[in-house]
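Numbered according to our numbering, the sequence shown terminates at residue 275, and the numbering increases by one at each position without gaps.
To start, the structure under review is shown below, and the notes come after it.
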Amino acid sequence: MKLKSILKDYEKESVQLVNFQKSAVSFNQNTKPHAKLENSGILEMTLIEKYEKYLGLATMAGRSKNELFTGILDRIRKKLKVWKEKTLSAAAREVLIKSVAQAQLTYVMSVFKVPDGVIDEAHNLITNFWWGHRGTERRAHWVGERS
C-alpha cells in the first residue's frame, strides 16, 4: 500500500521509527466499514472512532468545539469544588490555581485553539474560587491603590 511505503520512507529519512502497535488511524464517516477495517489491517494500526481520548483530550474534533472542551471545564469545576470546602489561605489558593487549574488549561491550549467562550468560563470559575464566591453569594473584588 502506498501509505505504508510513505511511512517506511519517513522512517528512513528521519531516522525515527513508527510504532505501528501504538499508532492509530481514523477515517472519514463516508468511508465504508469494510474499507476502514481492510486499510487499518494493512497499516497494522488500531482503528479509532470519533471522540476517543488520548492524554485526557479528544483525538478528533467535531463541529461543536465547545463540546470538545466540556471535559476540561468539568475537571476544573470538580477540583475547585473540593478546594472550596477547605479553608485555604490566599497563598494556598494561588498555588492551587497556578499548579493545577491553569496548568490544565495551558496544556489544552498548547494542543488546540480553545474557543473564547471556554476560556471565559474557565476564567470565571477560577476568579470566583480566588475571591471566595460560594454559589450565589458574591464577595467584593478588592483593588489595590494605584501609585
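We put the beta carbon where it would ideally sit given N, CA and C, even for glycine.
Evaluate residue i with the Cβ neighbour count: other Cβ atoms within 10 Å of its Cβ, from every protein chain shown; 16 or more gives buried, anything less gives exposed.
i: Leu131; result: exposed
i: Met129; result: exposed
i: Ala250; result: buried
i: Ile134; result: exposed
i: Leu145; result: exposed
The alpha helix (DSSP H) that contains residue i, what's its start and end?
i: Ser217; result: Looking at the DSSP string, Ser217 is not in any alpha helix (DSSP H), and its letter there is neither H nor E.
i: Ser142; result: Lys130 to Ser142
Report the rounded CA-to-CA distance for residue i versus residue j, giving the unit in angstroms.
i: Ile204; j: Leu171; result: 38 Å
i: Lys206; j: Ile254; result: 12 Å
i: Ser151; j: Leu165; result: 15 Å
i: Asp137; j: Val153; result: 18 Å
i: Thr234; j: Ile225; result: 12 Å
i: His162; j: Gln149; result: 21 Å
i: Leu201; j: Lys241; result: 15 Å
i: Leu175; j: Val236; result: 24 Å
By DSSP, does residue i sit in helix, in strand, or in coil?
i: Thr198; result: helix
i: Val242; result: coil
i: Thr174; result: strand
i: Val94; result: Beyond the ends of the chain as shown, which are 129 and 275, falls residue 94; an answer cannot be given.
i: Val153; result: strand
i: Lys226; result: helix
Taking the alpha-carbon of residue i as reference, which of the options has the nearest alpha-carbon?
i: Pro243; options: Ala229, Ser227 and Lys193; result: Lys193
i: Lys209; options: Asn147, Phe155 and Asn256; result: Asn256
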